[in-house]
Amino acid sequence: MEREQLRRHGVFAGVVAVAVLATLIASVTAHERSGRETVRASGERASASYDLSGFEAVHLRGGYDLEVVAGKKPAIEITGDKAILEALEVRVEDGTLEIGPRDGQRIRDSDGVELMLHVPKLRAITVDGAVDGKLAALDSEEFALTVNGAADITLSGTCGAFSAVTNGAGDIDARNFHCESASVTVNGAGDMRIYASKSITAAVNGVGSIDIYGNPPEVRKMRAGIGSIRLRHADDS
Numbered sequence: 000m001e002r003e004q005l006r007r008h009g010v011f012a013g014v015v016a017v018a019v020l021a022t023l024i025a026s027v028t029a030h031e032r033s034g035r036e037t038v039r040a041s042g043e044r045a046s047a048s049y050d051l052s053g054f055e056a057v058h059l060r061g062g063y064d065l066e067v068v069a070g071k072k073p074a075i076e077i078t079g080d081k082a083i084l085e086a087l088e089v090r091v092e093d094g095t096l097e098i099g100p101r102d103g104q105r106i107r108d109s110d111g112v113e114l115m116l117h118v119p120k121l122r123a124i125t126v127d128g129a130v131d132g133k134l135a136a137l138d139s140e141e142f143a144l145t146v147n148g149a150a151d152i153t154l155s156g157t158c159g160a161f162s163a164v165t166n167g168a169g170d171i172d173a174r175n176f177h178c179e180s181a182s183v184t185v186n187g188a189g190d191m192r193i194y195a196s197k198s199i200t201a202a203v204n205g206v207g208s209i210d211i212y213g214n215p216p217e218v219r220k221m222r223a224g225i226g227s228i229r230l231r232h233a234d235d236s
């Protein structure tokens with residue numbers, strides 16, 4: 000009886016601790032948000048070009064319509080609401096093109112901001128937000144894609160090894176991104192359609208799905224939850 004009471008007290012204390020921690024996190028988050036300037040759309044359209052180079056990776060924070068074409072001379076153009084564009088920071092840091100709100104600013108109504116990127120070579124892209132994107136003419140030995148949010152991204156081109164992770168509700172269509180090997184993970188409710196000609200390791204944690212194209216002879220599946228991992232043929236939708 001005493002042991003059972005101790006166990007119950009321990010569980011109760013754990014629940015209380017979690018609740019307190021959640022309250023503290025919410026309080027800190029609210030405080031951080033309250034200290035940031037909210038930028039809203041002005042209703043005036045504008046565009047901006049940036050003369051930046053020396054990057055083979057891209058990190059996006061926020062919501063954008065994205066078009067990337069690899070194998071071209073560097074070009075960066077952003078079109079959207081003038082107030083939103085003025086609140087964006089565009090820079091290259093450690094070989095990565097960083098695009099997102101400036102420190103201390105929070106963007107509202109960012110729908111309709113269009114990013115056009117031409118790059119000689121692209122090896123990785125990370126998306127934190129709700130990006131609707133098309134990546135074309137990719138050609139690299141290795142390519143990495145990370146999505147945190149609800150992005151919808153289509154890829155085409157070729158690569159040796161492709162790695163992709165979605166956390167949230169990302170939708171990745173890489174049927175026309177022909178790679179030899181792939182290692183892909185869906186965490187949450189995301190969906191992936193992946194092409195691999197030699198080998199693939201596919202993992203689903205949650206209710207997401209991975210469809211595999213290319214008839215790879217080596218397939219490794221790992222599933223936790225009610226998600227699905229299926230082998231598909233080229234004529235399958």
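With numbering that gives the first Met the number 0, the residue at position 147 of the sequence shown is 146, and numbering never jumps. Where a beta carbon is used, it is the ideal one built from N, C-alpha and C, also for glycine.
Separation of Leu84 from Gly42, as counted between CA atoms: 12 Å
List the whole-angstrom C-beta distance separating Ile209 from Val185, where the pair is believed to meet the contact cut-off of C-beta under 8 Å. 6 Å
Short check: CB of Ala86 to CB of Arg107, under 7 Å? no
Report the three-state DSSP secondary structure of Glu43 (helix, strand or coil). coil
Nearest to Pro119 by alpha carbon, out of Gly128, Val130 and Asp138? Asp138
Taking the continuous alpha helix (DSSP H) assigned at Lys81, which residues delimit it? For Lys81, the enclosing alpha helix (DSSP H) stretches over residues Lys81 to Glu85.
I believe Leu65 touches Val130 by the beta-carbon criterion, under 8 Å. Please report the beta-carbon distance rounded to the nearest angstrom. 5 Å
Alpha carbon of Gly103 to alpha carbon of Glu76, nearest angstrom: 24 Å
What residue from Asp127, Glu141 and Ser180 has the CA that sits closest to Leu121's CA? Glu141
Please confirm whether Leu134 and Leu154 have their CB atoms less than 7 Å apart. yes
Out of Thr165, Ala136, Ala168 and Val164, which one is the CA nearest neighbour of Gly156? Ala136
Euclidean distance between Cα positions of Ala29 and Asn166: Its pLDDT being 43, under 50, Ala29 is placed unreliably by the model, and the measurement read from it follows with that caveat. Rounded to whole angstroms, Ala29 to Asn166 spans 23 Å at the Cα level.
Going by C-alpha distance, which of Phe54, Asp80 and Ala82 is nearest Lys72? Checked all of Phe54, Asp80 and Ala82; the closest Cα to Lys72 is Phe54.
Roughly how far, in whole angstroms, is the beta-carbon of Cys178 from the beta-carbon of Ala202, given that I think they are within contact range, below 8 Å? Contact annotation, Cys178 with Ala202: C-beta distance approximately 17 Å; criterion of less than 8 Å not satisfied.
Simplified DSSP assignment, three categories, for Asn204: strand
Reference Arg222; option with closest CA among Gly213, Phe176, Pro216 and Ala188: Ala188
Kindly indicate which three-state DSSP category Leu121 falls into: helix, strand or coil? Taken through DSSP and simplified to helix, strand or coil, Leu121 comes out as coil.
Quick check on DSSP: helix, strand or coil for Met221? Strand at Met221.
Three-way DSSP call (helix, strand, coil) for Asp93 in this model: coil
Which residues in the same chain have their Cβ closer than 6 Å to the Cβ of Arg219, if we skip the five residues on either side of it in sequence? Thr200
Among Ile211, Gly226 and Glu36, which has the Cα closest to the Cα of Asp234? Ile211
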